[in-house]
Amino acid sequence: MEVSGARKSNAPRSLVTGGAGFLGSHVCDRLIAEGHEVLCLDNLLTGSVKNIEHLIGNPRFQFVQADVADPAGLTSALGLGKAAPGPGSKPAGALDYILHLASPASPVDYARYPMETLRAGSEGTRQALELARACGSVFLVTSSSEVYGDPEISPQVESYWGHVNPIGPRSCYDEAKRFAEAVTMAYARQHGVAVRIARIFNTYGERMRVEDGRVLPNFLMQALRDQTLTVYGDGSQTRSFCYVSDMVEGLYRLLLSSEAGPVNLGNPEEVTILEVAKEVIELTGSRSQIIFQPLPTDDPRRRKPDIGKAVAQLHWRPVVSRREGIRRVIPYFENCARAANPARPS
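One point on numbering: in numbering that gives the first Met the number 0, the residue at position 23 of the sequence shown is 22, and numbering is uninterrupted.
Listed below in structure tokens is the structure:
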């Protein structure tokens with residue numbers, strides 16, 4: 000493990016775990032744009048250096064390839080306790096903000112890496128909280144709408160305790176996020192750590208991995224290749240899709256607020272999976288047809304966030320409609336499709 004670069008200013012310094020992932024890399028971009036020094040930590044299990052290569056060489060950006068759940072050498076890799084580079088500067092390892100995003104985040108990934116998913120949510124969260132405690136950092140953890148499981152109420156409000164199968168095929172992710180929330184609140188109550196809990200609903204945008212198994216990457220790649228779109232069940236299950244720029248705005252506002260959370264962040268525009276499939280075919284101009292496959296075990300029937308708390312406390316709501324967001328992201332997936340099959344005519 001190695002940290003490149005050195006502390007050069009008194010600008011806010013932020014650690015982003017999972018910073019080379021889809022959402023994490025966009026968070027790094029936002030923090031850099033806001034004047035932060037950013038330390039990006041990622042073990043590259045599902046993240047990619049490609050997502051942050053445009054930041055490499057920026058004097059306010061540093062990358063560490065490491066696992067947040069592995070304490071061995073982590074604090075030394077982060078430069079904690081090193082001498083400050085000049086008079087009046089903070090210690091090189093001082094962290095003003097810690098944003099813990101590290102975790103596999105798609106059903107395909109957490110089915111492939113169940114133990115890594117559990118460790119990221121449990122020991123990874125605890126290690127990150129220990130850093131926050133040591134540095135006096137504000138700590139933000141990205142939880143998930145999955146803490147609600149297959150909800151019995153809709154829309155889902157933060158006070159709802161959820162309807163979760165603790166031993167099902169999705170449980171490694173569901174329970175990891177539920178534990179992450181629990182240990183975060185324990186550190187807030189016992190150690191006084193300033194915490195923020197974000198419950199993220201389905202987010203999409205550029206830099207998503209095309210093979211990660213989530214709905215929109217699947218549909219877009221299938222449609223762009225004129226392949227059959229696979230809809231599970233009868234397609235009546237619902238989701239609410241939030242474009243990445245809206246999600247990053249919500250996370251940043253939560254980080255700078257005094258709201259501990261949890262706070263739902265997502266787009267309350269609810270849509271059925273079948274409607275999304277038809278919409279993707281229309282917007283891409285695809286010749287694809289739709290087929291139906293059996294619904295996976297414990298697949299949630301409803302997903303719709305109640306964002307009243309985010310509106311009231313953060314003055315935040317999504318501004319990019321689903322159709323506009325899909326239009327924006329189509330060129331990215333077109334490039335991915337061409338890269339995967341360069342001989343195919345455009």
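Even for Gly, the Cβ is constructed at its ideal location relative to N, Cα and C.
Buried or exposed (CB count within 10 angstroms, at least 16 for buried), residue i
i	result
PHE240	buried
PHE200	buried
LYS355	Residue numbering for the chain in the displayed model covers 0 to 345; residue 355 lies beyond these limits and cannot be assessed.
GLU115	buried
GLY260	buried
ILE290	exposed
ALA181	exposed
PRO330	exposed
GLY46	buried
GLY265	buried
PRO106	buried
ASP108	buried
ASN263	buried
GLY80	At GLY80 the pLDDT is 46, less than 50, meaning the model places this residue with poor confidence and gives no usable figure here.
PRO344	Bear in mind that the predicted position of PRO344 carries a pLDDT of just 46, short of 50, making it too unreliable to give a figure here.
VAL318	exposed
Paired residues, beta bridge with residue i - DSSP
i	result
HIS162	GLY148
VAL194	PHE138
GLN155	PRO304
Spatial distance of residue i from residue j (CA atoms)
i	j	result
ILE325	VAL214	12 Å
TYR186	GLN64	26 Å
PRO293	VAL230	9 Å
VAL243	GLY23	10 Å
ALA336	LEU223	7 Å
SER153	VAL270	13 Å
THR296	PRO11	44 Å
VAL140	LEU228	34 Å
GLY120	SER102	7 Å
ASP66	ARG286	43 Å
GLY375	PHE218	Examination of residue 375 is not possible in this model, given that the chain is present from 0 through 345 alone.
ALA68	GLY18	15 Å
SER136	HIS190	12 Å
ASN334	LYS277	22 Å
LEU43	GLY20	8 Å
GLU157	THR283	36 Å
MET346	ILE196	An answer regarding residue 346 cannot be provided, because it is not within the stretch 0 to 345 covered by the chain.
GLY34	PHE60	11 Å
GLN226	GLN288	7 Å
ILE31	VAL275	34 Å
GLY161	ALA309	19 Å
SER13	PRO165	33 Å
ILE306	TYR147	15 Å
PRO113	GLY123	14 Å
GLU258	HIS314	12 Å
GLN236	GLU174	22 Å
ILE192	ARG125	Before going further, note that residue 192 is Val rather than Ile in the sequence given. Distance between the alpha carbons of VAL192 and ARG125: 12 Å.
ALA179	ASP211	23 Å
Limits of the alpha helix (DSSP H) - the one that residue i falls within
i	result
ILE272	272-283
HIS25	21-32
ARG12	Here ARG12 belongs to no alpha helix (DSSP H); instead the beta strand (DSSP E) covers 12-16.
VAL182	170-190
PRO216	214-223
Span of the beta strand (DSSP E), counted from its first residue to its last, around residue i
i	result
VAL230	228-231
ARG238	237-239
PHE200	Element bounds for PHE200: n/a, residue is neither H nor E.
GLU36	36-41
SER143	137-143
heavy atom of the ligand HEM below 7 Å from residue i C-beta
i	result
TYR331	The ligand HEM is not part of the structure shown, which contains no ligands of any sort.
Checklist entry - Whole beta strand (DSSP E) runs in the stretch 44-68 with 3 or more residues, listed along the chain? => result 60-64
Checklist entry - Which residue spans inside the stretch 92-124 form an unbroken alpha helix (DSSP H) run of at least 4? => result 106-111, 113-120
Next on the checklist: To test your reading of the DSSP string, which unbroken beta strand (DSSP E) runs of 3 or more residues are found completely within the stretch 241-324?
Outcome noted: Counting whole runs of 3 or more residues, the stretch 241-324 contains the beta strand (DSSP E) stretches 262-264, 269-271, 289-292.
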